[in-house]
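J.:
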Amino acid sequence: MSKSILIIDDDADMCALLTRFLSKNGYTVEAAHSGNKGLEKFKAGKFDIVLCDFRLGDKKDGKDILIEIKQHNPKTIVLIITGYSDIKTAVDVIKAGAYDYITKPLIPDEVLNVLQAAIHQSENKGDTDNYANDRHLSNTNKKSSGSNSEFLIGEAPATKALYNQIAIVAPTNYSVILNGESGTGKEVIAKTIHELSSRKSKPFIAMDCGTLSKELAGSELFGHLKGAFTGAINDKEGHFELANGGTLFLDEVANLSSEIQASLLRVIQERKIKRIGGNKEIDVDVRIIVATNENLQDAYKHGKFREDLYHRFNEFSIQLPPLRERRNDIPSFADFFLQKTNKELGKNIEGFEEEVMKMFIAYSWPGNLREFKNVIRRSALLTIGGKISPATLPAEITGFISTKPIPAAEEPQAVKATAVDLKDTASKAEYEAIMQVLKEVNFNKTKAAELLNIDRKTLYNKIKSFEDAQ
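Mapped onto our numbering, the consecutive letters of the sequence shown carry residue numbers 33 to 502.
(1) Pull up the CB-CB distance for M389 and P363, whole angstroms please, since I reckon it's below 8 Å.
(2) Mind checking whether C241 and L282 have CB atoms under 8 Å apart?
(3) Kindly identify the DSSP beta-bridge partner or partners of Y133.
(4) What are the complete alpha helix (DSSP H) segments, minimum 4 residues, inside the stretch 385-440?
(5) Would you give the residue range spanned by the beta strand (DSSP E) that T373 belongs to?
(6) Mind checking who G270 pairs with in its DSSP beta bridge?
(7) So does the stretch 251-259 actually touch the stretch 205-220, counting three or more Cβ pairs closer than 8 Å?
(8) For the pair the stretch 132-141 and the stretch 97-104, tell me if three or more CB-CB distances fall below 8 Å.
(9) For I200, report the span of its alpha helix (DSSP H) as first-last.
(10) Per DSSP, what kind of secondary structure is T226 in: helix, strand or coil?
(11) Answer with buried or exposed for I81, where buried requires no fewer than 16 other C-beta atoms within 10 angstroms of its C-beta.
(12) Cα separation between K479 and K69?
(13) For L352 and T216, which I take to be in contact (beta-carbon distance under 8 Å), what is that distance rounded to the nearest angstrom?
(14) Just the Cα atoms here: how many angstroms apart are G277 and E482?
(15) Tell me the residue span of the beta strand (DSSP E) that contains L280.
(16) Suppose you measure from the CA of T262 to the CA of V407; what does that come to, to the nearest Å?
(17) Use the C-beta contact count for L311: other C-beta atoms within 10 angstroms, 16 or more gives buried, fewer gives exposed.
(18) Can you tell me which of S55, G89, Y332 puts its alpha carbon nearest to the alpha carbon of A44?
(19) Do the stretch 338-358 and the stretch 376-386 make contact, defined as three or more Cβ pairs closer than 8 Å?
(20) Is it right to say L414 is buried, meaning 16 or more other beta carbons lie within 10 angstroms of its own, or is it exposed?
(21) Counting C-beta neighbours from all protein chains within 10 Å, is the total for E357 16 or more, i.e. buried, or is it exposed?
(22) Excluding the five sequence neighbours on either side, which residues of its own chain have a C-beta within less than 8 Å of the C-beta of I221, listed in chain order?
(23) Relative to the alpha-carbon of A323, which residue among A286, N400, L484, L83 has its alpha-carbon at the smallest distance?
(24) Near R303, which residues of its chain fall below 7 Å by C-beta distance, leaving aside the five closest residues on each side in sequence?
(25) Relative to the alpha-carbon of M239, which residue among S295, L248, G58 has its alpha-carbon at the smallest distance?
(26) What is the DSSP secondary structure of R319, reduced to helix, strand or coil?
(27) What's the C-alpha gap between H334 and H343?
(28) Report, in whole angstroms, the separation of the C-beta atoms of T108 and F79, which I expect to be a contact under 8 Å.
(29) According to DSSP, is F348 helix, strand or coil?
(30) When the Cα of I99 is compared with those of T114, Y133, K127, I113, which residue comes out closest?
(31) If you draw a straight line from the alpha carbon of S66 to that of F53, how long is it in whole angstroms?
(32) Kindly indicate which three-state DSSP category N211 falls into: helix, strand or coil?
(33) Determine whether the beta carbon atoms of I40 and L50 lie at a separation below 8 Å.
(34) I'd like the span of the beta strand (DSSP E) that includes F236, first residue to last.
(35) Tell me which residues share the same chain as T60 and place their Cβ nearer than 6 Å to its Cβ, disregarding the 5 neighbours each side in the sequence.
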């Protein structure tokens, strides 16, 4: 019998996202958007678990709700969600009877892990009221180090808008176009959509279209029979077959040849494929999510992409914000990437010196989250205990900061007002970074693309766009 969960949070988007995620994982979920309404629902129904935000819009906070719930039913498992991850809050809510607390930005996999641990504790010991574990109190940024998820629900306005769109489209079977600059996390968002859909139990298959020839792209997508072409020594299933029932993610889809685009259109229309070299039609049921850092609408207008295929893909589109428009989330991503790196390197780096965080917030991040993650991995490798210092940061950050004033984290309302200037600055920084790498490798574009962690065609496109803008 599934456990019933009540979510109490004044953030409607957060409630919707958690409701869908937990429902897909077999829980019965209801939500309330204020403390008073939450208590009314709790007393009128029967809930095994309550997830309650510590800061609520009405006069009650999470601790008040916790106390009333425990008075009504001491056996109820209560988890407190808080963006204020200090020791005092943790101690207070656990002393008052909470099983645990979870800090924002939330990672759904962590929520799921804590829920499962709470249920196991309750079923095996019959009571969670006296639960206290120093592991929870010694780590003020308790992200699940065992999780491979990079799905963070941040606090920046651009981030909230992004996850609101994800929550809307995930339960459908719509095809989705993910637009955004390189490194903004398009594959992570595609996986998140898959995990929040009814296809979650089926495969998620990703394919990078940016580096494949026409022959290889056809084989990877549709499969082939032995002897279909030179080198085809065995039958091979394509990505459509591998993803059957699930989701197929096509990254850098604009790089596919016109012939492959035509084949894709037929597959989407007929929901059938033929392996290369074969005549047998194979039924497929696949949701398609595509990603590009180019504007597909401009591409089809200029004859570089099929218009009919674009409209097949464009049942829903999401624009991923660059990291420079999510500055309020930079500290959370920094902590998150550091935890993963600590585990990878077997280190226990405590965090970041204040000057480092100021630099992170001020920097333009032309490579977005991918660049941010790599910077932290590099700095962690160079750090021997303690905290990450400015001395471990790469020259592109320290050089950029040396010529720029270091601002405080902007107020949310200021993001849109400064976006044009920031974008212009980031484009210039990206151009300078690319030119610097090209000079270092004597303008070997293949080597430069490898060092920049992008495919060669993306590098060509960026260079051309810079030239066109001159």
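Built from N, CA and C at the ideal position, the CB exists for glycine as well.
Since the model is a prediction, treat every value here as computed from it, not as a measurement.
T.: If we stick to the structure as given:
(1) Within the sequence shown, numbered from 1, the residue matching residue 389 stands at position 357. Within the sequence shown, numbered from 1, the residue matching residue 363 stands at position 331. At roughly 6 Å, the Cβ-Cβ gap stays under 8 Å, so M389 and P363 are in contact.
(2) As a position in the sequence shown, residue 241 is number 209, starting the count at 1. As a position in the sequence shown, residue 282 is number 250, starting the count at 1. A contact, by the Cβ cut-off of 8 Å.
(3) Walking along the sequence shown from the start, residue 133 turns up at place 101. Note: Y133 sits in a beta bridge opposite I112.
(4) Correct list: 386-394, 400-414, 427-434.
(5) Sequence index remark: in the sequence shown, residue 373 carries index 341 (1-based). Note, T373: premise wrong, no beta strand (DSSP E); alpha helix (DSSP H) at 362-377.
(6) In the sequence shown, residue 270 corresponds to position 238, counting from 1. Its beta-bridge partners do not exist; DSSP assigns none.
(7) Touching, no, given that fewer than three Cβ pairs across the two stretches are closer than 8 Å.
(8) No: the two stretches stay apart, fewer than three of their Cβ pairs being nearer than 8 Å.
(9) By one-based count along the sequence shown, residue 200 stands at place 168. Annotation: the continuous alpha helix (DSSP H) that includes I200 extends over 189-201.
(10) Locating residue 226 in the sequence shown gives position 194, where the first residue counts as 1. For clarity, residue 226 is His in the given sequence; the question names Thr instead. In this structure, H226 counts as helix in the three-state DSSP scheme.
(11) Here residue 81 refers to the residue found at position 49 when the sequence shown is read from its first residue. Its Cβ being crowded by 16 or more others within 10 Å, I81 is buried.
(12) To locate residue 479, count along the sequence shown from 1; it is residue 447. To locate residue 69, count along the sequence shown from 1; it is residue 37. Straight through space, the alpha carbons of K69 and K479 are spaced by roughly 59 Å.
(13) The residue given as residue 352 occupies position 320 in the sequence shown. The residue given as residue 216 occupies position 184 in the sequence shown. With 8 Å as the limit, L352 and T216 qualify as a contact, their Cβ atoms being about 4 Å apart.
(14) The residue you call residue 277 lines up with position 245 of the sequence shown. The residue you call residue 482 lines up with position 450 of the sequence shown. Rounded to whole angstroms, G277 to E482 spans 34 Å at the Cα level.
(15) Taking the first residue of the sequence shown as 1, we reach residue 280 at position 248. DSSP places L280 inside the beta strand (DSSP E), whose first and last residues are 279-283.
(16) Translated into positions along the sequence shown, residue 262 becomes position 230. Translated into positions along the sequence shown, residue 407 becomes position 375. Roughly 42 Å between the two C-alpha positions.
(17) The residue given as residue 311 occupies position 279 in the sequence shown. In the sequence as presented, Leu is not what sits at residue 311; that position holds Asn. With fewer than 16 other beta carbons inside 10 angstroms of its own, N311 counts as exposed.
(18) Walking along the sequence shown from the start, residue 44 turns up at place 12. It is G89.
(19) Contact between the stretch 338-358 and the stretch 376-386 is absent: fewer than 3 CB-CB pairs across the two stretches fall below 8 Å.
(20) Against the sequence shown, residue 414 aligns to sequence position 382. When all chains shown are included, L414 counts as exposed.
(21) Taking the sequence shown and counting its residues from 1, the one referred to as residue 357 is at position 325. Under this definition E357 is a buried residue.
(22) Here residue 221 is taken as the residue at index 189 of the sequence shown, counted from 1. In the same chain as I221, and ignoring 5 residues on each side of it, the C-beta atoms closer than 8 Å to its own belong to L194, I198, L210, I350, L352, in chain order.
(23) For the purposes of this step, residue 323 is taken as the residue at position 291 of the sequence shown. Distance from the Cα of A323 is smallest, within the candidate group A286, N400, L484, L83, for A286.
(24) The residue labelled residue 303 in the question sits at position 271 within the sequence shown. Sequence-distant Cβ neighbours of R303 in its own chain, meaning closer than 7 Å and more than five residues away, are D315, V316, D317.
(25) Translated into positions along the sequence shown, residue 239 becomes position 207. Each of S295, L248, G58 was checked against the Cα of M239, and the nearest Cα belongs to L248.
(26) Taking the first residue of the sequence shown as position 1, residue 319 is located at position 287. Looking at R319 - three-state DSSP - the assignment turns out to be strand.
(27) Within the sequence shown, numbered from 1, the residue matching residue 334 stands at position 302. Within the sequence shown, numbered from 1, the residue matching residue 343 stands at position 311. Roughly 15 Å between the two C-alpha positions.
(28) As a working mapping, residue 108 is identified with position 76 in the sequence shown. As a working mapping, residue 79 is identified with position 47 in the sequence shown. Cβ-Cβ separation between T108 and F79: approximately 7 Å, consistent with a contact (criterion under 8 Å).
(29) Working through the sequence shown from its first residue, we reach residue 348 at position 316. In the three-state DSSP reduction, F348 falls in the strand class (E or B).
(30) Locating residue 99 in the sequence shown gives position 67, where the first residue counts as 1. For the residues T114, Y133, K127, I113, the minimum Cα distance to I99 belongs to K127.
(31) The residue given as residue 66 occupies position 34 in the sequence shown. The residue given as residue 53 occupies position 21 in the sequence shown. A direct Cα-Cα distance of roughly 21 Å separates S66 from F53.
(32) To locate residue 211, count along the sequence shown from 1; it is residue 179. Here N211 sits in strand by DSSP.
(33) Translated into the one-based positions of the sequence shown, residue 40 becomes position 8. Translated into the one-based positions of the sequence shown, residue 50 becomes position 18. Taking C-beta atoms as the reference points, I40 and L50 fail to come closer than 8 Å.
(34) The count along the sequence shown starts at 1 and reaches residue 236 at position 204. Per DSSP, F236 belongs to the beta strand (DSSP E) from 236-240.
(35) As a first step, residue 60 is located in the sequence shown; it is residue number 28 there, counting from the start. Hits under 6 Å: S34, S36.
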